Amino acid sequence: PGQLDMLKKAQEFFQTCDTEGKGFITKKDMQRLHNELPLSLEDLEDVFDTLDADGNGFLTPEEFNNGFSHFFFSQNN
Amino acid sequence: DPNMKAGATSEGVLANFFNSLLSKKTGSP
Numbered sequence: 692p693g694q695l696d697m698l699k700k701a702q703e704f705f706q707t708c709d710t711e712g713k714g715f716i717t718k719k720d721m722q723r724l725h726n727e728l729p730l731s732l733e734d735l736e737d738v739f740d741t742l743d744a745d746g747n748g749f750l751t752p753e754e755f756n757n758g759f760s761h762f763f764f765s766q767n768n
Numbered sequence: 042d043p044n045m046k047a048g049a050t051s052e053g054v055l056a057n058f059f060n061s062l063l064s065k066k067t068g069s070p
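If you read the protein sequences in the order shown, they are chains A and B. Numbered according to my numbering, the first sequence spans residues 692 to 768. Numbered according to my numbering, the second sequence spans residues 42 to 70.
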């Protein structure tokens, strides 16, 4: 249990970042969250670079889910 | 070792990021 919730949350958060519904997140999209989250631009850039596993500058739903599930399960263990 | 520090920091920043998103959505963490 929890895995479906986790995926739902990941999808929800992806859409929070991908406000234009492009299907991917850019660093600019991430930096836009600066207004909504208590994180600095540097932190958000760091988050993006960590999640962007292949470093191509685009965050796919898959990369986002991977990062989120890593966080999710490390929190629950 | 700066690299090790960067790795640990990234993990913390990631946790911070997702926790912030969680509290933004639900109103509480």
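Every residue gets a Cβ at the ideal spot worked out from N, C-alpha and C, and that includes glycine. Since this is a predicted model, take the numbers as computed values, not measurements.
- Residue-level contact check: Gln722 (chain A) does not touch chain B, since none of the beta carbons of chain B fall below 9 Å from its beta carbon.
- The C-alpha of Phe763 (chain A) is placed about 12 Å away from the C-alpha of Asn57 (chain B).
- The stretch 745 to 761 of chain A and the stretch 725 to 732 of chain A do not touch, with fewer than three beta-carbon pairs separated by less than 8 Å.
- Put simply, the CB of Asp696 (chain A) is far from chain B, with every gap to its CB atoms at 9 Å or more.
- Residue A:Glu703 holds the alpha-carbon nearest to the alpha-carbon of Gly714 (chain A) among A:Leu724, A:Glu703 and A:Gln722.
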